[in-house]
Amino acid sequence: MTVEEAARDEEGVGRVSRWQRLATGSTTWIILILAAMIVVFSLMEPDSFATVNNFRNLATNAAILMVIAVGMTFVIITAGIDLSVGSVLVFSGVVSAKAMNGMDSDGWDVIVVGVIVAVGCGLGWGIVNGLLITKARVPPLIVTLGTLGMALGLAQILTDGVDIREVPAKLVTSIGVGRAFDQVPWLVVIAAVVAVVFGLVLALTRFGRHTYAIGSNEEAARRAGINVDRHLIAVYGLAGALAGLAGFMSLARFATTTLGGHATDNLQAIAAVVLGGTSLFGGIGTMLGTVVGVFIPAVLQNGFVIVGVEPFWRDVAVGAVLILAVYLDQLRRRTQYRD
Amino acid sequence: MAEPLLEARGIVKHFGRVRALRGASFTVNQGEVVALIGDNGAGKSTLVKTLSGVHHPDAGEILFEGRPVSISSPVAARELGIETVYQDLALAPDLESSANLFLGREAVRPGLLGKLGVLDKRAMRRRTEEAFSQLGVGVQDATAAVATLSGGQRQGVAVARAVTWAGKVVFMDEPTAALGVVQTRAVLDLIGRVRETGLAVVLISHNMPEVMEVSDRVEVLRLGERVARFTTADTTMEELVGAMTGALRHEEEGS
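Listed in order, the protein sequences are those of chains D and P.
The letter at position 183 of the first sequence is residue 189 when you use the numbering used here, and the numbering goes up by one with no holes.
The letter at position 60 of the second sequence is residue 92 when you use the numbering used here, and the numbering goes up by one with no holes.
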């Protein structure tokens, strides 16, 4: 073999066609799995599963988790983790409810104040997470485990451990149960807008590109002149702000602060993101994958109830698919990456 | 003789109680390939990191085009036109080669979209392919993740990035250390093509045949000091090895 032949041979190995990449990408598989679930449930129960009403319910149930999972996607792509989102959600909801109840009004102004307070609280916790991770160099797992406890503890101190059940009526009737054009619930609209906007930010902008670069090789990003610390603080800030928004949506939907209802939100969000093909090792992931990853447990839950399977099977199925998703990620790294 | 492009004088750098550089000097002229050689622990990598802004010298001065400068960060080095190909390449393996070429210097769309930070991926891919073909880097698919490329191709991506952005000089820290025969050949050819673009190249190596083949000049570092300077055409491998091991000493420092 001549040197040129060897060089050509060498070059050929790195080439992977678009189709090959599509076929081996875990997002493709997870979309097919979701589609298959929907088809199976629709065939089994065409009159109750495949209805507008049911899909509307399904989407509403998924909306709050969707907003959290969008922020979690950014965090996990940087090879980080945020365990605090559920507690930040509760804390933001509590402070927002107190702020709104403190106003002597039942108009849109209350709602505007409520959402600003909720998002602001979430952003604050997110920035605290980001500062501790970047400046104090405490690992994200520990920082967010700490703020998980702190945010929930403070929420319970603020409420004496009793849920605030007074929420402005306007909030519940408008955002909580209201629908855009009498069709699409506002909660779903909010979640969809958040997913689309931040999906575009992730895929198309410099902010998104830096998120991937930091997750892929933090040191390389640093040497390339990217302000890694500032970027990570922004990413954790985003995750916190979206958890705050989710807290506001939760208030609107349930008309209470649901102190005890969000203990596993963090794990559900992480599971959704990872199901969607985002790598826990960072550098890889898409928002489309996360959207699908949020819907898989939601569809399973809904479908099992309708076809009469005990809904506990959902957890069994989601657990299995989760392990499969991470296995596919590992397989991809083993077969396509060289080292 | 023309003014040196980059000159380090009497650089001292301590790490705790270890003196990595004890008054090291180094000179790079315009458009030449100068090899920086020395045994393990001679201070080659420390000197390069000092000149590329990763380390800050404890003493000594750096002149760039005759002016004293302080290279306080990698960004400051880049602004002077100094780019470095690190030994570990500093690539993001999950990203495509064009993303790596433009890492930290992404091109954005014109107008409002650009203000929102929307990337111009097509322009970046086009410029990456141009850089690859100019330098003869054998990566056909600029959209493939760097992790799927071979070691030689990755080296090519890292070199192409440095050359694309370097205005004056490219440092290469042992670019062939991890490569096989064919890939080493490709990288040495690449160094030749970089010289043709008019950039100065600093090649850090301890592979003597390689140094003899591609360099114009050789500077030898030993125990944190420059001990000898050669014009490659007028020297032999024995002389270089002698200088590296301390059997031969050409110059006293303080020049």
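Beta carbons are placed, not taken as given, at the ideal position from N, Cα and C, and that holds for glycine.
What is the DSSP secondary structure of T150/D, counted as helix, strand or coil? In the first sequence, residue 150/D corresponds to position 144, counting from 1. If DSSP states are grouped into helix, strand and coil, T150/D belongs with the helices.
Could you run through the stretch 181-215 of chain P and flag, in chain order, every residue whose CB is less than 7 Å away from some CB of chain D? L181, S182, G184, Q185, V214
If you reduce the DSSP assignment to three classes, tell me which class P241/P lands in. Residue 241/P sits at position 209 when you count from the first residue of the second sequence. In the three-state reduction of the DSSP assignment, P241/P falls in the helix class.
Cβ shell of G18/D (< 6 Å), same chain only, five flanking positions each side left out: Within the first sequence, residue 18/D is the residue found at index 12, counting from 1. Low local confidence applies: a pLDDT of 43 at G18/D is under 50, so the model's placement there is unreliable, with the coordinate-based value given in what follows. Closer than 6 Å at Cβ, skipping near neighbours: no residue.
Taking the alpha carbon of P145/D as the point to measure from, which residue in S180/D, V194/D, L193/D, T84/D has its own alpha carbon closest? Within the first sequence, residue 145/D is the residue found at index 139, counting from 1. Checked all of S180/D, V194/D, L193/D, T84/D; the closest Cα to P145/D is T84/D.
Determine the burial state of N59/D: buried for a count of at least 16 other Cβ atoms within 10 Å of its Cβ, exposed for fewer. On the first sequence, position 53 is the one that residue 59/D refers to. Flag for N59/D reads exposed.
The stretch 113-139 of chain P: which residues have C-beta closer than 9 Å to a C-beta of chain D, in chain order? T116, Y118, D120, L121, A122, L123, A124, P125, D126, L127, A131, N132, F134, L135, G136, R137, E138
Would you call W131/D buried or exposed, if buried means 16 or more other Cβ atoms sit within 10 Å of its Cβ? Taking the first residue of the first sequence as 1, we reach residue 131/D at position 125. So W131/D ends up on the buried side.
Hey, does G243/D have any beta-carbon neighbour from chain P nearer than 9 Å? In the first sequence, the residue the question calls residue 243/D occupies position 237. With respect to chain P, the C-beta atom of G243/D has no partner C-beta closer than 9 Å.
Give the straight-line distance between the Cα atoms of T79/D and E316/D, rounded to the nearest whole angstrom. As a working mapping, residue 79/D is identified with position 73 in the first sequence. As a working mapping, residue 316/D is identified with position 310 in the first sequence. Rounded to whole angstroms, T79/D to E316/D spans 30 Å at the Cα level.
Are the stretch 182-189 of chain P and the stretch 216-234 of chain D touching by the rule of at least three beta carbon pairs closer than 8 Å? no
Does the Cβ of F301/D have 16 or more other Cβ atoms within 10 Å, making it buried, or fewer, making it exposed? For this step, residue 301/D is matched to residue 295 along the first sequence. Flag for F301/D reads buried.
Do we get a CB-CB distance below 9 Å when we pair A67/P with the residues of chain D? On the second sequence, residue 67/P is found 35 positions in, with the first residue counted as 1. Not closer than 9 Å to any Cβ of chain D, the Cβ of A67/P fails to qualify, so no.
Report the neighbours of L346/D on chain P: residues whose CB is nearer than 7 Å to its CB, in chain order. Any question about residue 346/D goes unanswered here, given that chain D covers just 7 to 345.
Excluding five sequence neighbours on each side, which residues of the same chain lie with their C-beta closer than 7 Å to the C-beta of A304/D? Position 298 of the first sequence, counting from 1, holds the residue named residue 304/D. Once the five neighbours on either side are set aside, the close Cβ partners of A304/D are L64, N67, A68.
Can G55/P and A91/P be called in contact, C-beta distance under 9 Å? Here residue 55/P corresponds to residue number 23 of the second sequence, with the count starting at 1. Here residue 91/P corresponds to residue number 59 of the second sequence, with the count starting at 1. Closer than 9 Å, so yes.
Name the DSSP beta bridge partners of M204/P, please? Locating residue 204/P in the second sequence gives position 172, where the first residue counts as 1. According to DSSP, which records beta bridges pairwise, M204/P is partnered with V117/P, L235/P.
Can a CB atom of chain P be found closer than 9 Å to the CB of A201/D? Your numbering for residue 201/D matches position 195 in the first sequence. False, the Cβ-Cβ gap to chain P never drops below 9 Å.
How would you call G286/P, buried or exposed, if buried means at least 16 neighbouring beta carbons within 10 angstroms? Along the second sequence, read from residue 1 onward, the residue named residue 286/P stands at position 254. The predicted position of G286/P is uncertain, since its pLDDT is 40 and thus under 50; no value can be drawn from it.
Roughly how many whole angstroms lie between the Cα atoms of N239/P and D71/P? Numbered from 1 along the second sequence, position 207 holds the residue referred to as residue 239/P. Numbered from 1 along the second sequence, position 39 holds the residue referred to as residue 71/P. Rounded to whole angstroms, N239/P to D71/P spans 10 Å at the Cα level.
On the DSSP bridge list, what partners appear for R261/P? For the purposes of this step, residue 261/P is identified with residue 229 of the second sequence, where counting begins at 1. In DSSP, R261/P forms a bridge with E251/P.
Tell me where the beta strand (DSSP E) around P174/D begins and ends. As a working note, residue 174/D is residue 168 in the first sequence. Where P174/D is concerned, there is no enclosing beta strand (DSSP E), given that its DSSP letter is neither H nor E.
Against chain P, does R344/D count as a neighbour if the rule is that its beta carbon must be under 9 Å from one of theirs? Your numbering for residue 344/D matches position 338 in the first sequence. True, the Cβ-Cβ gap to chain P drops below 9 Å.
Strictly below 8 Å CB to CB, what residues from chain P border Y218/D? Position 212 of the first sequence, counting from 1, holds the residue named residue 218/D. Result: A124, D126, L127, A131.
Give the single residue among G250/D, F213/D, G167/D whose Cα lies nearest to the Cα of R236/D. Within the first sequence, numbered from 1, the residue matching residue 236/D stands at position 230. Nearest option by C-alpha distance: F213/D.
Go through the stretch 82-139 of chain D residue by residue and report every complete run of the alpha helix (DSSP H) that reaches 4 residues or more, in order. 91-108
Is G309/D close to chain P? Criterion is C-beta to C-beta, closer than 9 Å. What you label residue 309/D is simply residue 303 of the first sequence in a count that begins at 1. No, no contact with chain P.
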